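Read in order, the letters of the sequence shown are residues 1 to 489 in UniProt numbering. The structure under discussion appears below in the form of structure tokens.
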Amino acid sequence: MPRPLRVAIGGIHIESSTFSPHLSTAHDFEVTRGDALLARYAWLSPVAAWAADVEWIPLVHARALPGGAVEPSTYDAWATEIVEKLAEAGPVDGMLLDIHGAMSVVGRDDAEGDLVTAIRAQIGPEPFISAAMDLHGNVSHVLFDNCDLLTCYRTAPHVDVWETRERAALNLVEALRREERPHKALVHVPILLPGEMTSTRDEPARSLYGRIPDVEARDGVIDAAIWVGFAWADQPRCRGAVVATGTDPTATAEAARELGERFWAARDEFTFVAPTGSMDECLDTALGAISEPTRRPFFISDSGDNPGAGGADDVTFALDRMLARPEISDGAIRAVYASLVDPEAVAHVADQPIGSPVEVRVGGRIDPRDPGPLELKGTLEAVAEDPDGGRCVSVRVGGLSVFVTSRRMQYRLLSSYARLGVAVDQVDVVVVKIGYLEPELFEASGDWRLALTPGGVDQDLVRLPYERVLRPVFPLDRDFTADLAVVTR
Ligand SMILES: [Zn+2]
């Protein structure tokens with residue numbers, strides 16, 4: 001009887017912005033090892049038929065909320081652990097690399113490239129490596145060269161996360177059973193796009209990603225994948241990418257070429273998922289709309305400091321613009337600001353009785369950009385423990401409830417608002433640090449604007465201080481012919 005295949009699983013999963021002053025540390029990660037790591041994967045409990053006769057070897061998996069660049073010692077510790085556990089495991093046939101693909105580590109340009117290089121140095125050239133990624137990740141030449149299969153999500157918002165990992169694992173096992181190293185083709189597409197322009201619910205991403213099943217179904221093609229890429233890191237690797245893998249080199253190269261050309265041809269059609277404006281323009285619209293009951297509550301996304309994309313979560317720009325409105329500060333308008341992370345401010349006020357007058361400095365500690373920390377003078381309205389944000393408070397200033405949290409969090413669930421005593425449907429205006437509205441908020445909203453506010457994940461890419469991305473790249477450059485060369489291995 002042939003021995004079972006031996007497949008290792010591990011990785012580091014984070015999307016981290018080099019434009020955000022937040023530093024991601026070990027504290028921000030959830031780490032799994034051993035059986036807990038294997039329990040992440042549905043095809044292993046119970047074991048799917050295709051996954052039987054495989055010895056699955058758990059290494060370590062570390063995963064964090066999007067944030068700023070990762071502290072080098074944190075990254076090094078897990079990269080070292082992955083390599084050491086591979087050494088302990090002995091020879092393997094393959095590895096599933098479970099990563100996001102947009103990990104920035106302070107001082108390094110291609111963290112996932114470094115990681116896969118270290119893994120190759122340990123396991124050697126023979127084993128197959130299959131990478132399962134987020135479509136907001138990047139595919140450097142180093143990552144492409146060292147992996148035998150690479151794929152990514154096909155939906156944004158991402159509803160096929162686990163399907164993608166299973167596809168990556170299944171394609172790996174099948175390639176190992178065929179004993180045939182896949183052919184690969186890569187096309188880099190010189191485009192930087194914000195996630196809020198590339199929802200696969202909307203055109204042109206909907207049709208572009210909609211082509212994948214047809215392309216993948218062709219003879220000789222194993223998988224086809226399109227990476228939008230990550231726009232908030234100033235690294236040469238950041239750009240769109242298409243990778244096809246297959247058993248036939250011509251069909252594989254053709255699949256990558258076709259999808260790469262379609263992606264590039266659609267570049268001018270990507271638009272924001274909601275009407276946009278400056279914070280003041282969005283407030284003008286919201287305050288003008290609240291006399292129409294169907295448009296309440298009016299949501300405004302404070303998108304430039306969205307912690308769900310890597311923002312620091314404490315830029316005070318949008319809050320400052322709200323407080324400048326007399327209708328809000330005098331209480332005529334009922335509004336919510338969700339939220340700022342500031343554990344010191346929470347600790348300063350949270351032990352006082354509800355209803356106490358408070359004066360507290362909030363925000364601007366991690367990302368001090370204009371206007372920096374703000375002095376809030378109001379009353380303590382609520383204190384709550386939140387599973388994401390830790391201890392949280394609401395400070396009432398006129399008609400505005402300002403939420404302050406102990407840990408970075410995104411107010412994407414109505415239950416999080418309710419914990420601080422706010423029923424969203426009783427409010428006129430909700431400003432939230434988010435990009436596209438998550439489903440519950442979208443359902444609850446009467447109307448919505450995406451404010452192009454400043455921050456570490458500014459959606460208005462041409463305002464970002466890029467120095468190191470490869471040029472030309474759309475939309476920083478607009479009048480050029482793209483090099484859509486197909487790289488094959
Ligand atoms: Zn993503």
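By construction, the Cβ of each residue, glycine as well, lies at the ideal position given by its N, Cα and C atoms. Owing to the predicted nature of the structure, the values given are computational and were not obtained by experimental measurement.
- In this structure, D114 has its beta carbon at no less than 7 Å from each heavy atom of ligand 1.
- Residue ranges of uninterrupted beta strand (DSSP E) with 3 or more members, entirely inside the segment 39-69 and ordered along the chain, are 54-64.
- Taking 7 Å as the cut-off, the C-beta of L135 counts as close to a heavy atom of ligand 1.
- Per the C-alpha coordinates, the member of G304, M279, D351 positioned closest to A324 is M279.
- H13 sits in a strand when the DSSP states are folded into three classes.
- The DSSP assignment places complete alpha helix (DSSP H) segments of no fewer than 4 residues inside the segment 287-366 at 317-323, 326-329, 343-349, in order along the chain.
- Excluding its 5 nearest sequence neighbours in each direction, D53 has C-beta neighbours in its own chain below 6 Å: P4, listed in chain order.
- Non-local beta-carbon contacts of L413 in its own chain, meaning distances under 7 Å to residues more than five positions away in sequence, involve E440 in chain order.
- Within the segment 426-456, the alpha helix (DSSP H) runs of at least 4 residues that lie entirely inside it are, in chain order, 439-444.
- About 7 Å separates the CB atoms of V346 and C392; that is less than 8 Å, so the two are in contact.
- Distances between the C-beta of H188 and the heavy atoms of ligand 1 are all 7 Å or more.
- By the Cβ-count criterion, K433 is buried, with 16 or more other Cβ atoms from all chains shown falling within 10 Å of its own Cβ.
- Taking C-beta atoms as the reference points, G68 and S17 count as a pair closer than 8 Å.
- DSSP lists no bridge partner for R181.
- For H27, the shortest C-beta to heavy atom distance toward ligand 1 is 7 Å or greater.
- Scanning Y41, A64, V60, R40 for the CA closest to the CA of H27 turns up A64.
- Under the three-state reduction of DSSP output, L115 falls in the helix class.
- In the three-state scheme derived from DSSP, where H, G and I count as helix and E and B as strand, M103 is classed as coil.
- In this structure, H13 has its CB at a distance of at least 7 Å from all heavy atoms of ligand 1.
- Taking a contact as a CB-CB distance under 8 Å, the pair V189 and F263 counts as one, their CB atoms being some 5 Å apart.
- In this chain, E71 is not harboured by any alpha helix (DSSP H), its DSSP state being neither H nor E.
- Here T316 is buried: its Cβ has 16 or more other Cβ atoms, across all protein chains shown, within 10 Å.
- Sequence-distant Cβ neighbours of A253 in its own chain, meaning closer than 7 Å and more than five residues away, are A185, V486, T488.
- For the pair S199 and W232, the Cα-to-Cα distance works out to about 17 Å.
- Distance from the Cα of I99 is smallest, within the candidate group A111, E174, G90, for A111.
- In the three-state scheme derived from DSSP, where H, G and I count as helix and E and B as strand, M409 is classed as coil.
- The C-alpha of E443 lies about 21 Å from the C-alpha of S401.
- Excluding sequence positions up to five before and after V92, its CB lies within less than 8 Å of the CB of R6, V7, A8, I57, L86, I123, P127, all in the same chain and listed in chain order.
- Between the segment 291-304 and the segment 232-241 there are fewer than three inter-stretch CB-CB distances shorter than 8 Å, so the stretches are not counted as touching.
- Rounded to the nearest angstrom, the gap between the Cα atoms of L208 and L37 is 33 Å.
- I129 is bridged by DSSP to M95.
- Looking at the DSSP output, T32 sits in a beta bridge with H61.
- With distances taken between CA atoms, G34 lies nearest to A89 out of A89, A49, S24.
- Checking the 7 Å criterion, the Cβ of A225 is out of range of every heavy atom belonging to ligand 1.
- When DSSP states are grouped into helix, strand and coil, C392 belongs to the strand group.
- The three-state secondary structure of S401, taken from DSSP, is strand.
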